[in-house]
Each structure stands twice: as structure tokens, then as C-alpha cells.
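Visitor: Chains as they are written, first to last, in this note's numbering: chain C, 1 to 297; chain Z, 1001 to 1297. C-beta atoms are modelled at their ideal positions from N, C-alpha and C, and glycine is treated no differently. I'd like to ask some things about the structure below.
Number of protein chains: 2
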Amino acid sequence: MTKISRFQLIEDIRNGIDDLPFSLKSAAKYIVDYPNDFGLDTLRVSADKISVSPNSLVRLAQRYGFERFDAFREPFRTALVSDSEVIEDHQWISEIENHGEGGIYHAQAINNELHIISRSLHLMTLERVEEIATCIQQSKNCYVLAMRASYALAYYFHYVGRMALPKLQLVPKYMSNPMDELVDIGKEDVLLAISIAPYSVETIEAIRLAQEHGATIILISDSEVIGPNVKPDHFLKVAAFSTHEFSCFGGAMAVLECLLSYLIKKGGKKAKERIKNYEAMRDQTGAYWKPKRPRIR
Amino acid sequence: MTKISRFQLIEDIRNGIDDLPFSLKSAAKYIVDYPNDFGLDTLRVSADKISVSPNSLVRLAQRYGFERFDAFREPFRTALVSDSEVIEDHQWISEIENHGEGGIYHAQAINNELHIISRSLHLMTLERVEEIATCIQQSKNCYVLAMRASYALAYYFHYVGRMALPKLQLVPKYMSNPMDELVDIGKEDVLLAISIAPYSVETIEAIRLAQEHGATIILISDSEVIGPNVKPDHFLKVAAFSTHEFSCFGGAMAVLECLLSYLIKKGGKKAKERIKNYEAMRDQTGAYWKPKRPRIR
DNA sequence: TTAAATTAAGAACATATGTTCTTTTTTGAG
DNA sequence: CTCAAAAAAGAACATATGTTCTTAATTTAA
């Protein structure tokens, strides 16, 4: 009885995955992605998580030459007991440090990243989140503004957020000066501006314009004072310091993602429904790949 | 929602072990010694290994204040799957929980965010980073590819990265199908693809094209199996699970930022100089605002 | 379009698992 | 030593699990 290793088995599964029929493919993908869970769970629990029938897993096991399902799962189980040492604190980081110059760089980067994220999230009190979420929800239009590197953050926030809140508008949307796209902003509107040092002049000017038009300003930044005559109504501070010459955006990203979570969860039925529609559209247009399952009945 | 940690529970067991009757003591000792096995095995298997009756374990569970045996074993199970992702019990997070529905949502979001980031960075071993960095540095062109929400990540990576590495190219750069912009990709080139579930067909097809042209593929994703016939040369796994319907990108962002740090630091003099030039250019054109400091001296 | 082969779901079954109740054994106070 | 209390084992039970067999859907080939 030659015991097969988990590693070997995963490798086999991955290589053969393209030749599998639909539901077995979903199952195989799941096992490759979540080998730990697969080792721990029962057949039925795994089947449920994958959304296939229990006996699909039995068939998959047979495909790979196992007499019974238990034998197929066995390598994953033994791997669980043998090599899962729980390292309590972040000892793995200091471990990295002991491998030359590169190790020191990498450990520094990881430390810094965790630090700014933790700090940013800490600064994001429930009070502020609720304040900002309410402000966005009650607005007529909510413009999401950022320039240069921060534009990535605005793009992401808008991309995901508009599924729950169609009133979100990305600025700049076209290759223009953001001010041009804010000419119609008014009292009932909100401008959510994202800017990390160094602060671009366009952002500052756009905020000033919005202020003059009576819009409510939400600023997400590493500083409350990003330019002359910029007085945000709400301010969410993020940490952005780094070990090299640019700011780190991980903290801002984490904060935005948590804000998104909050908006989606508080969005209620309407948001849920809109998200459902997006998903349906995706399936129709085939924009995304997933191991398809045949329709039943 | 105060989940007890495995670590805490083992500590409790060890402290109380002397006051236990004979068979429960054997059981307790076994659990302390072989927590992994205990988490994995069924009640009867554990009882058998310890040589006590099944219901001795039930009684032990009750001793420690658990209603049922499953609850007692639970911490050991979760420790098995989430290998070493013990977020230090941030007091401030559980504090947030005590403020109604909104507080629970927010605390969940923060927890999840920290979890996926910590896990993603953990998966980012020095070995992989070095491998990937070398691969990028030695390439002729390095295309950074992503679609839809992930495009934000690619955009950011490219925006910052090109200051150190001008050979970085964002794809799609124009509003086109990414394949059109990859027609010239060749053996000496690298394609860094970023894709989080659900995976867009365009990304998958672009990777396949690059593969056929002999380019080296680096994939940053929550799964190694994102589509049929996609076999990356290097793979960096990130965690992306969330508490709502979309994937969370915070882990991917953190990983990319650490990769950037590494590339910049390893970029040497040339990179430093190029960055200096960028900064000089900024100052000249006044693209950025900075608070004027009073002249010293 | 039809027929055969493949693939998946569903139902049924024997066994395993966690729990509870009862009986037996052990412990300890008087 | 006796007897009550505590602890452990054993038996019985409902539910869960893996397996098998049957039926339905889907794909492939003619």
C-alpha cells in the first residue's frame, strides 16, 4: 500500500481538471482551492459547499482510482494533523527576516502593510462609518473622486459599490479634468474624495468647486489638511506611511472595503435585488468563467 | 460572538487537569498532547485512542461548560483549517460589536478584512516573491493584466511600479479587448495577470494567448484553477472570501503592495534615480499640492 | 432527429456517530 | 463496614454519513 501524498494528489487533480465533466470539475476546483476544508469536512458537507450531489464526490474519487471516498479524502486528513502547526503571533514574519537582504526587505514590507491596515481600520470608528454611510444613502448623487494612484481606489469602490448604489458616479469618468464632470453638483449631492499624499491639485480644486456648490464633502485621506480652503464635512483618516518613497495604499483600500461592506449590508432588500440582477446578467453574457452545471428539470 | 480560541481552551484544560477524575484526566491529557488528532477524529475514535468510553468525552465537554461535544471540539477543528490565522484578539473590534446591528456588521467586516490580509501575506513566501521579482526584472516587457474590479489593482500596481520599472505595461490600456494589446507578446516577456472570482473570460483568453506565444505567466488569484487550459508558471495565492456576495480585494492589494516594495528596493540605483526624476517633474508642473514649509536659514 | 452513452440527481440502505438513559463500579464520609 | 454520591461503562436511540441502485437529464454520434 503506497500512501499517496496530498501534494501529489492535488497536482494530479489540477492536471486532469480540464478533462472532467461539469460537476466533477467544480468539485475538483474546490478541492484544489480549499484542501484543508475538504480534508476536515464530511462528504455531505463538502458536497453542499460545492453545490453538487453527494455521489458526485464518490464518482470523483473513483475517477482518480480510489475504491472509496474515504481513501480519497485520507491524504487531505493526514496532511491536516501532520503539518498544521498553529503559530500564534506573527512569528512567521520574523522567520522571513533570517534569509538575507531580500528577507529583511520582505519582512519590513509585510510589517508595514499590516501596521498601516490595522491602524487605518482602528481609526475607522463605527460612529464615522455610520455617519458617512447615512450621508451617502441620503444623497441624490454620490460622486467618487480621485486622481493618479488613488484613482485605483475610487475605481474599485465605484465598481463594486454601484451594484448596491446606482447613484455612485466615478469622477473623472472620461479623460478630463474632474471639475468638468462636477459642474452639476448641488446641495443634495455628496462628493467622496480620496487623496493620499502627495495631493493632486485637480482633486483639491474639484473639492473646492463642490464646496462652493453646497455639496457635502467626505474626505478619505492620510491628512485632513490636503490643501488651502478644503474643509470636508466628514473625514476618515487612513495610515499611508511606507518604507520607501511612496505612500502605501493598503490601509485606504481596507477602509474602503469595510465601508463597502457596511453599505451593502445596510442597503437592504433593494441592494440585494440589484446585486442579484448583476449576477444574472453576468451568467447570461458569459463574462465570467465558471464550471457550468447542467440545468435540472 | 465570542469564539473561544483553541489556544485558550488548551490552556484551560491544562490548568484544571489535576482536579479531574481518572478517565477524564486521561482524556484531557490526550487532548493537550494531540490537539490536531482530537480536532479531526470522531468522538468514538478519540475515545478508542484514549481507551475511555465515548460518553466520558461528552462528560468532559460538559465539565468545561459546553452544551454538546461538537462545540467542545469545534475550536480544534477551526484551528486545523485556518492554519495559523490567529488574529491577535483586538479588543477594539469586540468593543465595536456591542453597538447594535451596525456594530456587528462593521466588526464582521473588519475581522474579515484583517483575516484575508493576514492570510494572503502569509501565503506570500519569500521564495515566491523572489522568484516572481526576478522573473519580472529579467523580462523584456512586463504586461500587467486585469479586468473589471481587479483592474483597479492592476492600475495601481502599474501606476506605482512603472516609476521603478518603465517596462511595465498596463493591459488593457485602451478600451479594447486585452488580447488586441498582447499580439506582440513573446518568449522574453512576462504577463502578470490578476483575477479574483468570478474570473472574466477576457482574462482567461488573454492568458492563453500569452501562453501560446511562449510568455511567462504570473498569476495572482484566489484560485490556481481560474479557467480551462490556464497553467501559470508562477502563482501567488491570495485570500478573497467575504461576508457578502462579492470577493474582497484587500488581501490582493496588500500582496501587490508588498511585491511593489520588494521590486522598488531591489531595483537599485537606477530605480531610485528614476523615482527622483518623477518627483522633480511633479514639482515643476505643480501637479501636486504640498504645504509650503517656511524656508529654513 | 433519434439512439446510445455519459453524467448527474434522487432515493434507499447499512453503518457510524453523538447523545441519553440505565446499570455497574468506585470513592469517600460517617 | 455501610451507604450515599460520584464516576464510568454499557446499551439503546435518533440522526448523520458514505454507498449503492435507480431514474432523469445531457451530450455525443449516427
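1. Taking the straight line between their C-alpha atoms, what separation do you get for residue 28(C) and residue 213(C)?
2. Do you know whose CA, among 1069(Z), 1232(Z), 1133(Z), 1178(Z), lies nearest residue 1256(Z)'s CA?
3. Report yes if the CB atom of residue 120(C) is closer than 8 Å to the CB atom of residue 251(C), and no otherwise.
4. Comparing the C-beta of residue 1253(Z) with each C-beta of chain C, is any distance below 8 Å?
5. Have a look at residue 279(C) and residue 1023(Z) and give me their C-alpha separation to the nearest angstrom.
6. Looking at chain C, is there any beta carbon in it that lies within less than 8 Å of the beta carbon of residue 1037(Z)?
7. Who does residue 135(C) pair with in a DSSP beta bridge?
8. According to DSSP, is residue 1009(Z) part of a helix, a strand, or is it coil?
9. Given this structure, state the Cα-to-Cα distance separating residue 263(C) from residue 129(C), to the nearest angstrom.
10. With 8 Å as the limit, tell me which residues of the stretch 1222 to 1249 of chain Z have their beta carbon closer than that to any beta carbon of chain C; keep them in chain order.
11. Go ahead and pull the three-state DSSP assignment for residue 1243(Z).
12. Going along the chain, which residues of the stretch 137 to 150 of chain C sit with their C-beta nearer than 8 Å to a C-beta in chain Z?
13. Can you tell me where the alpha helix (DSSP H) holding residue 300(C) begins and where it ends?
14. Please go through the same chain and pick out, in chain order, the residues whose beta-carbon is closer than 8 Å to the beta-carbon of residue 266(C), but skip the five residues on each side of it.
15. Look up residue 1014(Z) in the DSSP assignment and say whether it is helix, strand or coil.
16. Can you grab the Cα-Cα spacing for the pair residue 210(C) / residue 1227(Z), in whole Å?
17. Give me, in chain order, the residues of the same chain whose beta-carbon lies closer than 8 Å to that of residue 1010(Z); leave out the 5 immediate sequence neighbours on both sides.
18. Report yes or no: is there a C-beta of chain Z within less than 8 Å of the C-beta of residue 300(C)?
19. Does the beta carbon of residue 94(C) sit closer than 8 Å to a beta carbon anywhere in chain Z?
20. What does residue 944(Z) reach in chain C if we use C-beta pairs closer than 7 Å?
21. Take the Cβ of residue 45(C) as the centre, count every other Cβ of all protein chains shown within 10 Å, and call the residue buried at 16 or more, exposed below.
22. Any C-beta of chain C sitting closer than 8 Å to the C-beta of residue 1010(Z)?
23. Comparing C-alpha positions only, which one of 1144(Z), 1005(Z), 1156(Z) sits nearest to residue 1253(Z)?
24. By DSSP, does residue 1027(Z) sit in helix, in strand, or in coil?
25. Closer than 7 Å to a non-hydrogen atom of the ligand NAD - does that hold for the CB of residue 27(C)?
26. Closer than 7 Å, Cβ to any Cβ of chain C: which residues of the stretch 1184 to 1210 of chain Z, in chain order?
27. So, at 8 Å on beta carbons, what are the nonlocal neighbours of residue 1234(Z) in its own chain, with the 5 sequence-adjacent residues on each side left out?
28. Among the residues of its own chain, which have a CB less than 6 Å from the CB of residue 1160(Z), if the five just before and after it don't count?
29. Please check if any C-beta of chain C sits within less than 8 Å of the C-beta of residue 1014(Z).
30. Just how far apart, CA to CA, sit residue 243(C) and residue 197(C)?
31. Could you check whether the stretch 95 to 102 of chain C touches the stretch 53 to 72 of chain C, counting it as contact only if at least three pairs of C-beta atoms, one from each stretch, sit closer than 8 Å?
32. Out of 1276(Z), 1202(Z), 1162(Z), 1189(Z), point me to the one whose CA is closest to residue 1177(Z)'s CA.
Guide: In terms of the structure at hand:
1. 56 Å
2. 1133(Z)
3. yes
4. yes
5. 55 Å
6. yes
7. In the DSSP output, where bridge partners are listed per residue, residue 135(C) has none listed.
8. helix
9. 9 Å
10. 1222, 1223, 1224, 1225, 1226, 1227, 1228, 1229, 1242, 1243, 1244, 1245, 1246, 1248, 1249
11. coil
12. 148, 149
13. Within the shown structure, residues of chain C are numbered from 1 to 297, placing residue 300(C) beyond reach of any answer.
14. 133, 137
15. helix
16. 45 Å
17. 1031, 1032, 1035
18. For chain C, the structure presents residues 1 to 297; residue 300(C) sits outside this window and is missing.
19. no
20. For residue 944(Z) there is no data in the structure shown, the boundaries of chain Z being 1001 and 1297.
21. exposed
22. no
23. 1156(Z)
24. helix
25. As for the ligand NAD, it is missing from this structure, which has no ligand bound.
26. 1198, 1199, 1200, 1201, 1204
27. 1128, 1131, 1132, 1135, 1216, 1217, 1218, 1219
28. 1260
29. no
30. 15 Å
31. no
32. 1202(Z)
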